[in-house]
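Residue numbers (the numbering used here), protein chains in the order written: chain Z, 91 to 312; chain L, 157 to 447. Heads up, the beta-carbon is just placed ideally off N, CA and C, and yes, glycines get one too. Nothing here was measured: the structure is a model prediction, and the numbers come from that model. See below for the structure under consideration.
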């Protein structure tokens, strides 16, 4: 219940069109349906309805609703985050949250740098995959038909060039970074520094309060 | 027979707010045996257009006929089409993946379901055609030089023995010598194998020197279509869409403006030289009486 309110408030505050968020749900519809069906029919407990070989139990009903709600919330929350926060902001935040770990020599800056590079390369690699796939299809490759083993075999002409180009890109990037004297986090300034304001603090407080609530209700078994 | 393109339109992300019309109602024909150059600036729809010709992209509307058959009809064998209409992508060396060159070239024939002997025969023929000698056949494609890699990749498409060969900027990123070699190779193939060739290019000089017909694409429509002489006589129109005529055309125009009565349709250095020498007696003499 509390999660519902919190999520609703977040959605409203973010001013992202609700339709946009709901559209993201389409992709998990199948997964959602399977989860609900399995839980509905396969949970043992007090019988609610039964017909032919199937029985629906009270426990199954509650459990499946709970699972569905969880899944939906998970998707809405993560969609909301990616729609409102740029990958750069995300990694900056990660770096500042993990900041204290620097004291015990955890390479925080490097980890967040790796993350932002990884995020940056996803669209590039997608495009590359599409290109190589088409090039191999022009040579008569078939990525769709056949059984599982044939399909896996068909991936070789796609994966080998993809890996080679990924390594080449990584190499180029490393070279470009070195050419600009990149040497890691110490003393590096940012173009858009992350500045904490009052509302960030209040968001932190609210989040902590919410987590505390969740944990206490769980522990007390309500 | 060749390819017949009838009123095709292609829209990226159709139905969304971000839809972009890459091609607008294109109608043209690619008859057998022609050597056609396709030019247009970046984003004019060249790559989209060529990918439709072998069925990698499906037209949003319109039809493409290969030898009279609609390639988007249900049950049309796309694999067969792709073996007849070979497409060499930009930077084709990025598609190499096998442990040695000859196995890589055999990939296409293998996908066509040919016997091992036939595969080998075709691969060897293709490699000889692109000028990769036998000592490279067992080498790893990744150990070859840039130009050799590209030739190996082109051989990979040739081994399917297509009737129509489409090359999407085959000379991009090569040095002048590599460029001449590849283009010479394309011309040889045209002559030896009697293929239809569609060459996508940015370079007006390349196109002017090699092809018999030019298609100019601009903003998804065909702006000009004709022989190089015809197309390059529209210099102003070409310039207005970010293209240009070959340098020789400019030189000849300049000479004509200076009063030398030369024809301005020369496209290559040889043609220009011959045309200028026709008017030898009008040229100012230098270097003494015997010059």
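Assigned exposure category for residue i - 16 Cβ within 10 Å defines buried
i, result
"residue 332/L", "exposed"
"residue 224/L", "exposed"
"residue 198/Z", "buried"
"residue 121/Z", "exposed"
"residue 164/Z", "exposed"
"residue 157/L", "exposed"
"residue 388/L", "buried"
"residue 230/Z", "buried"
"residue 250/L", "buried"
"residue 439/L", "exposed"
"residue 248/L", "buried"
"residue 337/Z", "In this structure chain Z extends from 91 to 312, so residue 337/Z is not present and cannot be described."
"residue 152/Z", "exposed"
"residue 413/L", "exposed"
"residue 305/L", "buried"
"residue 260/L", "buried"
"residue 258/Z", "exposed"
Distance between residue j and residue i (C-alpha atoms, nearest Å)
i, j, result
"residue 295/Z", "residue 157/Z", "28 Å"
"residue 294/L", "residue 276/L", "13 Å"
"residue 392/L", "residue 400/L", "8 Å"
"residue 310/Z", "residue 130/Z", "27 Å"
"residue 299/L", "residue 179/Z", "42 Å"
"residue 447/L", "residue 420/L", "Residue confidence for residue 447/L is low, a pLDDT of 45 falling below 50, so the modelled location carries little weight; the figure read from the coordinates is stated next. Cα-Cα distance, rounded: 26 Å."
"residue 245/L", "residue 369/L", "21 Å"
"residue 200/Z", "residue 274/Z", "7 Å"
"residue 159/L", "residue 186/L", "5 Å"
"residue 176/L", "residue 379/L", "19 Å"
"residue 238/Z", "residue 340/L", "44 Å"
"residue 115/Z", "residue 384/L", "54 Å"
"residue 302/Z", "residue 234/Z", "49 Å"
"residue 260/Z", "residue 177/Z", "19 Å"
"residue 164/L", "residue 181/Z", "45 Å"
"residue 375/L", "residue 216/Z", "26 Å"
"residue 396/L", "residue 198/L", "14 Å"
"residue 448/L", "residue 267/L", "This structure cannot settle anything about residue 448/L, because the visible part of chain L is limited to 157 through 447."
"residue 109/Z", "residue 167/Z", "14 Å"
"residue 398/L", "residue 338/L", "25 Å"
"residue 242/L", "residue 313/L", "6 Å"
"residue 272/L", "residue 296/L", "20 Å"
"residue 407/L", "residue 279/L", "44 Å"
"residue 343/L", "residue 321/L", "12 Å"
"residue 289/Z", "residue 265/Z", "40 Å"
Other residues of its chain near residue i: CB distance less than 6 Å, five sequence neighbours each side excluded
i, result
"residue 240/L", "318, 319"
"residue 449/L", "What the structure shows of chain L is the stretch from 157 to 447, and residue 449/L is not part of that stretch, so it cannot be assessed."
"residue 361/L", "402"
"residue 161/Z", "122"
"residue 126/Z", "154, 158"
Close Cβ partners of residue i (< 7 Å) along its chain, the five nearest in sequence each way excluded
i, result
"residue 222/Z", "248, 251, 252"
"residue 424/L", "364, 365, 404"
"residue 356/L", "194, 202, 206, 323, 324, 325"
"residue 346/L", "191, 353"
"residue 255/Z", "218"
"residue 168/L", "175, 176, 178"
"residue 209/Z", "177"
"residue 306/Z", "none"
"residue 303/L", "330, 334, 337"
"residue 416/L", "435, 438"
"residue 255/L", "296"
Contacts around residue i, its chain only, beta-carbon distance under 8 Å, and the 5 residues preceding and following it disregarded
i, result
"residue 381/L", "184, 369, 370, 371, 372, 387"
"residue 181/L", "163, 164, 165, 218, 377"
"residue 213/L", "166, 204, 207"
Below-8 Å beta-carbon distance, residue i vs any chain B residue
i, result
"residue 297/L", "Looking at the structure shown, chain B is missing, and the protein chains on hand are Z and L."
| message | To be precise: take each residue of the stretch 314 to 343 of chain L, compare its Cβ to all Cβ atoms of chain Z, and keep it if any distance is under 7 Å. Which residues remain? | response | Using a CB distance below 7 Å, the part of the stretch 314 to 343 of chain L facing chain Z consists of 316, ordered along the chain.
Evaluate contact between the stretch 350 to 357 of chain L and the stretch 183 to 193 of chain L, counting only Cβ atoms and requiring at least three cross-stretch pairs below 8 Å.
yes
Using 8 Å as the Cβ pair cut-off and three pairs as the minimum, do the stretch 232 to 248 of chain L and the stretch 273 to 288 of chain L touch?
no
Of the residues that make up the stretch 112 to 129 of chain Z, which ones have a beta carbon closer than 8 Å to any beta carbon in chain L? Against chain L - using a Cβ distance shorter than 8 Å - the stretch 112 to 129 of chain Z contributes no residues.
- request: Check each residue of the stretch 219 to 244 of chain Z: if its Cβ is closer than 8 Å to any Cβ of chain L, include it; give the result in chain order.
  value: 221, 222, 224, 225, 226, 227, 228, 229, 230, 231, 232
For this session: Could you please tell me which residues of the stretch 212 to 241 of chain L, in chain order, have their CB closer than 7 Å to any CB of chain Z?
Result: Per Cβ criterion, the list reads 212, 235, 238, 239.
**Q.** Residues from the stretch 249 to 281 of chain Z in contact with chain L, defined by Cβ distance under 7 Å
**A.** So the close ones are 250, 251, 255.
> Residues in the stretch 255 to 272 of chain L with C-beta within 7 Å of chain Z's C-beta atoms, listed in sequence order?
Replying inline: Within the stretch 255 to 272 of chain L, the residues whose Cβ lies closer than 7 Å to some Cβ of chain Z are 263, 264, 267, 268, listed in chain order.
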